[in-house]
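Below is one structure, written out as structure tokens; the observations come after it.
Residue numbers (the working numbering), protein chains in the order written: chain A, 17 to 444; chain B, 17 to 444.
Right under this line is the structure:
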């Protein structure tokens, strides 16, 4: 009996996990490699960062998800290189041979060359970043409580979110909920509703991925919630106690102790690594330029999917969203099976745009599904439905649904713990 | 109008929080000081350490719990000293004057002079320790998966729990559940059911606080679950890769990568600090020796409650358990109100022993309530009922109940995330 075809998948995010699940029952030997032991539902990380959900609510252990898929092995390891001619992925602890390779290592925050901003303005890509942001936001209110009215208190009750995409909008809306409702009666000396929440966006409108009408509606909804929306504004410097923002040609100094980064992502460094090893090119965001079938030019057995791929569908770039990664993961897995069955012509990947949505706060969201544009409560319900549907495990779904229902009714966010290894958890 | 009587409470655990809540509506000005922003339900920390619950399930933000109690202010700060003659608690950021003082800062792990053991054998007192133990246990299985059968794999699948009290017993039982059920089908190369779980107890029986009959039943139940129970055995050394255990006069070396400490607690260092400031004495465990009314001799306005107090009821020491702290907190708060009302004779604190209980695993527990001794499923149901009842917030109760129900039905533990700031989360 010939040895089974070995499929190695790097990354257990939306793209990699979908690829592994699509190969269920196929006559291949699958190895899924990830640095973490869980799949993370990144679109809901902002809920962890604002105390609405616990990390475990939006994470599912990879071994648990793939437990019943007997042709799939999970390896907890870090990829350090690729041996293309030897057909192996080199990890820290082992060398894993492949016949076909799917790389789906996702993206990290992009500070556009300002790496020093990271410590002052964490992004929302990992559980640790989310709990760190949660610690900073809650600690800022604690600091504000101990200062009298004045510049110090103002600094601690000013929150700056950089980037007006879905992540930034959701984050700004959730901070507003915290300040205006959840925490309102928690403090004796401080009126948290006087907080200033600033959303800074470089282009001339927020939610650029949406039709202009929805951008406007989203902006209005944020403003009603007390969020200041600064479009055509760019962060020029970020320090521990202030940010410099360029707006209308002026440099404005905003005193703040809490900055959240949502202004951009770039592909995992594995993108550059595989490109160097195969002679492929990467774009400005570090994404690997792939063929229409998602493979690397000259390497029909190496697929790049998800946020790491600069993929094109019908002449347009595939957006870096969960549904894009899911579709690409499924396509790559099916392409491998087809080629093994002697059908090398798998055609080109075509992205079926299921639409975009962003929640803004309680009862408010914007959604676009094909020609359909939704706003307000209906959009919010649609957002809820879609996110619950995509959550990986049933247990998570029910827990999140219940927690949301509870938070909705009580306006509470019970997961607002200040945790960390720091001896004094209050220090920012 | 005279200024209100100032009651300062140090610590938001069972004792301090109960004291604050008991003063609701009283004509006093209450300040509750804690280093953390949440009350933690410590008896369930072992569930966090073994992936059954999320930290937020067993924590309640102090401000949220006390939100409606208008005479109570919460201060997030660390106590650094006491000015007894000046009647003030000195914190890192402010000086808080008091007329009456209740100190309830709890206990920390006691390594009996072997501070160097702490890094190899974390205890179960904080959220951070619990998630660290969770990381170590899950990472050990991951390491075992990558090693072939042999000494290395054995080391990673050997778990040593030091201390056979309720904490140690619950921890050993929960690790056994993980190894024998939850993780059983998660690994391809490793049979987690072959794990070795060792419970080491210095005295001649586990669960010493219980009647001997229940100790025996508990030991039998653990053994049925595959836990080796070593009584009359003492840890003599703990290193990263092994422990030395003295048993029957012999020194035995046990290779293990994962040790959990449940062998003892000592009072918070604030005990020694207040004793030095007031001329009180502390016992071997660092607990402050108090009068029958829980005050410090010569200081009728300073109360010590909970794990920090060496309190006596009817000639017997009050055990360091949640119910003891709760009763003491209530007593101290009521004593303050009585004395303010001109009734200085508050009598002696009397502990009403509500019984003790420890869960051993699915369907198994031991419980003693007065003359009533329960074991097995009934004891387990009683344990469940009592723990749900004592959980502070309603939201927590429902979430925990649901999560437990789900874990019970599926034998799943969905909160088994390996998290931490370490770049490589697998490294122990």
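Virtual Cβ for every residue (Gly too), placed ideally from N, Cα, C.
Remember, it's a predicted structure, so these values are computed and weren't measured experimentally.
Who pairs with residue 111 of chain A in a beta bridge, going by DSSP?
A/106
CB contact check: residue 440 of chain B to chain A, cutoff 8 Å
Because the pLDDT of residue 440 of chain B is 39, which lies under 50, any placement of that residue in the model is unreliable, and the question is left without a value.
Quick check: what's the CA-CA separation for residue 109 of chain A versus residue 161 of chain B?
12 Å
Any beta-carbon of chain A closer than 8 Å to the one on residue 434 of chain B?
yes
Taking CB distances under 8 Å as the criterion, tell me whether residue 30 of chain A reaches chain B.
no
Check whether the Cβ atoms of residue 337 of chain B and residue 320 of chain B sit closer than 8 Å, and answer yes or no.
no
Which residues of chain B have a Cβ atom closer than 7 Å to the Cβ of residue 373 of chain A, listed in chain order?
Chain B residues near residue 373 of chain A: none, gap ~26 Å exceeds 7 Å.
Which residues in the same chain as residue 137 of chain A place their Cβ atom closer than 7 Å to its Cβ, once the five residues preceding and following it in sequence are excluded?
If the five residues before and after residue 137 of chain A are omitted, its C-beta is found closer than 7 Å to the C-beta atoms of 178, 254, 275, 276 and 277, all from its own chain and listed in chain order.
Positions along the region 409-426 of chain A whose CB lies within less than 8 Å of some CB in chain B
409, 411, 412, 414, 415, 418, 419, 422 and 426
Which residues bound the alpha helix (DSSP H) around residue 153 of chain A?
143-162
For a quick check, are the C-beta atoms of residue 57 of chain A and residue 322 of chain A less than 8 Å apart?
no
Cβ-Cβ distance between residue 114 of chain B and residue 106 of chain B below 8 Å
no
Identify, in the order they occur along the chain, each residue of the same chain with its Cβ nearer than 7 Å to the Cβ of residue 188 of chain A, setting aside the five sequence neighbours on each side.
177, 213, 215, 238 and 243
Note down the Cα distance separating residue 435 of chain A from residue 363 of chain A, rounded to an integer number of angstroms.
50 Å
Anyone know if the C-beta pair for residue 381 of chain A and residue 223 of chain A falls short of 8 Å?
no
Name the two residues that bound the continuous alpha helix (DSSP H) containing residue 393 of chain B.
392-406
In chain B, which residues lie with their C-beta within 9 Å of the C-beta of residue 143 of chain A?
In chain order: 433 and 435.
If you measure between the beta carbons of residue 83 of chain A and residue 201 of chain B, is that distance less than 8 Å?
yes
From residue 296 of chain A to residue 284 of chain A, what does the alpha carbon distance come to, in whole angstroms?
Distance between the alpha carbons of residue 296 of chain A and residue 284 of chain A: 15 Å.
Where residue 433 of chain B falls: helix, strand or coil (DSSP):
coil
For residue 45 of chain A, the residue or residues it bridges with in DSSP
A/22
Where residue 441 of chain A sits in the DSSP three-state scheme
For residue 441 of chain A, the predicted structure reports a pLDDT of 36, less than 50, and the residue's modelled location is therefore unreliable. A value from the coordinates is still provided. Looking at residue 441 of chain A - three-state DSSP - the assignment turns out to be coil, as it is neither helix nor strand.
Near residue 300 of chain A, what residues of its chain come up, given a Cβ to Cβ distance below 7 Å and the 5 sequence neighbours on each side ignored?
none
Spatial neighbours of residue 134 of chain A in its chain, beta-carbon cut-off 8 Å, leaving aside the 5 residues before and after
125, 127 and 277
Between residue 79 of chain B and chain A, is any beta-carbon pair separated by less than 8 Å?
yes
Leaving out the 5 sequence neighbours to the left and right, which residues in its chain are closer than 7 Å to residue 232 of chain B when beta-carbon positions are compared?
Closer than 7 Å at the Cβ level, and outside the excluded window around residue 232 of chain B, lies no residue.
Closest Cβ-Cβ distance between residue 201 of chain A and chain B: below 8 Å?
yes
Give the residues from the region 276-300 of chain B that approach chain A closer than 8 Å (Cβ to any Cβ), ordered along the chain.
Result list empty, no residue passes.
Proximal residues, the region 143-165 of chain B versus chain A, C-beta separation under 7 Å
143, 144, 154, 158 and 162
Report the residues of the region 245-276 of chain B with a CB closer than 8 Å to any CB of chain A, ordered along the chain.
none
Taking the straight line between their C-alpha atoms, what separation do you get for residue 4 of chain A and residue 185 of chain A?
The requested residue 4 of chain A is not part of the displayed model; chain A covers only 17 to 444.
So, helix, strand or coil for residue 366 of chain A, using DSSP?
coil
In its own chain, which residues sit with a C-beta less than 6 Å from the C-beta of residue 32 of chain B, not counting the 5 before and 5 after it?
25 and 120
Output needed in chain order: residues of the region 82-93 of chain A with a Cβ under 7 Å from some Cβ in chain B.
83, 89 and 92
Taking contact to mean at least 3 C-beta pairs separated by less than 8 Å, is the region 347-362 of chain A in contact with the region 38-57 of chain A?
Touching, per the Cβ criterion.
Counting C-beta neighbours from all protein chains within 10 Å, is the total for residue 141 of chain A 16 or more, i.e. buried, or is it exposed?
buried
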